[in-house]
Amino acid sequence: MKTAYVLTALAAVASVPATAATIVHFDAGLGSLPAGFTTFQDFEGFSGGTPGESIGTNTFVYSDSVSGQAARPNFGSTGNFAAVRSGGSYTVNFAATNALSFVLGSLDTYNTVTLLYEDGTSQSYAGGQIINDLSFPSGNQISGETNGVVTYTVTSGPLLTGLTFSSSSDSFEFDNLAVAAAAVPEPAAWALLIGGFGLVGMSARRRTRMSVACA
């Protein structure tokens with residue numbers, strides 16, 4: 036019976052819903068990434084320029100704003116930055132993490148961020164959903180309401196392993212992509228695992244004592 040209980044407990048851990056719960060946080064008008072995050076792409080080492088070096092489908096690296104093509108994010112961006120032009124996309128992958136952050140520039144309704152999770156699922160945010168504010172001044176190149184730092188944090192479910200920037204018109208500018216350390220299992224999951232292993236140990240010890248007694 037105890038063995039059956041252990042298998043049930045372990046199965047319960049395995050059947051935890053895979054849907055990721057993700058929180059969107061936007062630091063409007065700020066350029067500093069959250070503490071504890073490590074930048075893995077700042078677009079330095081590329082040529083920049085007009086239109087700059089291609090790094091994806093209709094996606095380029097710029098060293099400065101170029102009228103009609105790309106505007107540097109107004110906060111936190113120095114050196115090079117990236118811009119996805121109309122119809123373009125740019126995807127990056129990284130080791131599993133519970134949080135992702137980047138500097139955002141002149142957000143507009145044509146922009147989309149798609150988060151990629153370790154179980155193969157994804158979640159897309161378009162326009163104001165990207166910053167959790169549907170009343171933002173679309174396309175404003177200087178406003179703190181459209182320029183700042185976006186952070187996505189997974190509170191449960193599969194971790195983040197990538198993201199895709201895309202735009203159906205105009206441009207989508209961004210810089211300083213960063214990730215946090217990977218999340219540890221939730222307390223409830225740890226409790227089930229520890230309890231299950233404990234029962235396995237107790238069952239094994241009991242079988243050993245019974246074997247000795249019979250001998």
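So the sequence shown is numbered by this note's numbering: it starts at 36 and just counts up by one.
Even for Gly, the Cβ is constructed at its ideal location relative to N, Cα and C.
Three-way DSSP call (helix, strand, coil) for residue i in this model
| i | result |
| --- | --- |
| glutamine 104 | coil |
| glycine 66 | coil |
| leucine 197 | Sequence check: residue 197 is glycine here, not leucine. Glycine 197 falls in the strand class under three-state DSSP. |
| isoleucine 177 | coil |
| isoleucine 165 | helix |
| phenylalanine 171 | coil |
| asparagine 182 | coil |
| alanine 56 | strand |
| alanine 215 | coil |
| serine 203 | coil |
| proline 220 | With a pLDDT of only 45 at proline 220, under 50, the local geometry of the prediction cannot be trusted, and the value read off the model is given with reservation. Coil. |
| threonine 243 | Residue placement at threonine 243 cannot be trusted, given a pLDDT of 48 that sits under 50; what the coordinates show is reported in the next sentence. The answer is helix: DSSP assigns threonine 243 an H, G or I state. |
| leucine 227 | Confidence is the limiting factor: at leucine 227 the pLDDT is only 45, short of 50, which leaves the residue's position unreliable, though a coordinate-based value still follows. Helix. |
For residue j and residue i, the rounded distance between their alpha carbons
| i | j | result |
| --- | --- | --- |
| glycine 111 | alanine 130 | 24 Å |
| threonine 199 | glycine 179 | 23 Å |
| glycine 183 | threonine 196 | 23 Å |
| aspartate 205 | isoleucine 90 | 17 Å |
| leucine 212 | phenylalanine 75 | 6 Å |
| proline 193 | valine 101 | 39 Å |
| asparagine 167 | serine 82 | 33 Å |
| valine 214 | glycine 103 | 31 Å |
| alanine 63 | threonine 181 | 7 Å |
| isoleucine 58 | asparagine 128 | 20 Å |
| aspartate 99 | leucine 139 | 15 Å |
| phenylalanine 61 | phenylalanine 116 | 19 Å |
| alanine 70 | threonine 186 | 12 Å |
| glycine 66 | threonine 54 | 31 Å |
| leucine 150 | isoleucine 177 | 26 Å |
| phenylalanine 207 | arginine 107 | 10 Å |
| leucine 126 | threonine 147 | It should be noted that the sequence gives threonine, not leucine, for residue 126. Straight-line Cα distance between these residues: approximately 12 Å. |
| alanine 118 | alanine 105 | 6 Å |
Integer-rounded CB distance, given that residue j should sit under 8 Å from residue i
| i | j | result |
| --- | --- | --- |
| phenylalanine 137 | phenylalanine 209 | 5 Å |
| aspartate 154 | glycine 114 | The Cβ separation is near 35 Å, so there is no contact. |
| serine 157 | alanine 56 | Contact flag wrong, Cβ pair sits at about 15 Å. |
| serine 202 | serine 121 | 6 Å |
| threonine 188 | asparagine 133 | 6 Å |
Any C-beta of chain D under 8 Å from that of residue i
| i | result |
| --- | --- |
| alanine 105 | Included in the structure is just one protein chain, with no chain D present. |
Quiz item: What are the start and end residues of each continuous beta strand (DSSP E) run of 3 or more residues lying completely inside the region 72-157, in chain order?
Solution: Every unbroken stretch of the beta strand (DSSP E) spanning 3 or more residues and falling wholly within the region 72-157 is given here in chain order: 73-76, 89-97, 116-132, 134-140 and 146-152.
Exercise. For the region 165-172 and the region 133-149, state whether three or more C-beta atom pairs, one from each stretch, are separated by less than 8 Å.
Key: Yes, the region 165-172 is in contact with the region 133-149.
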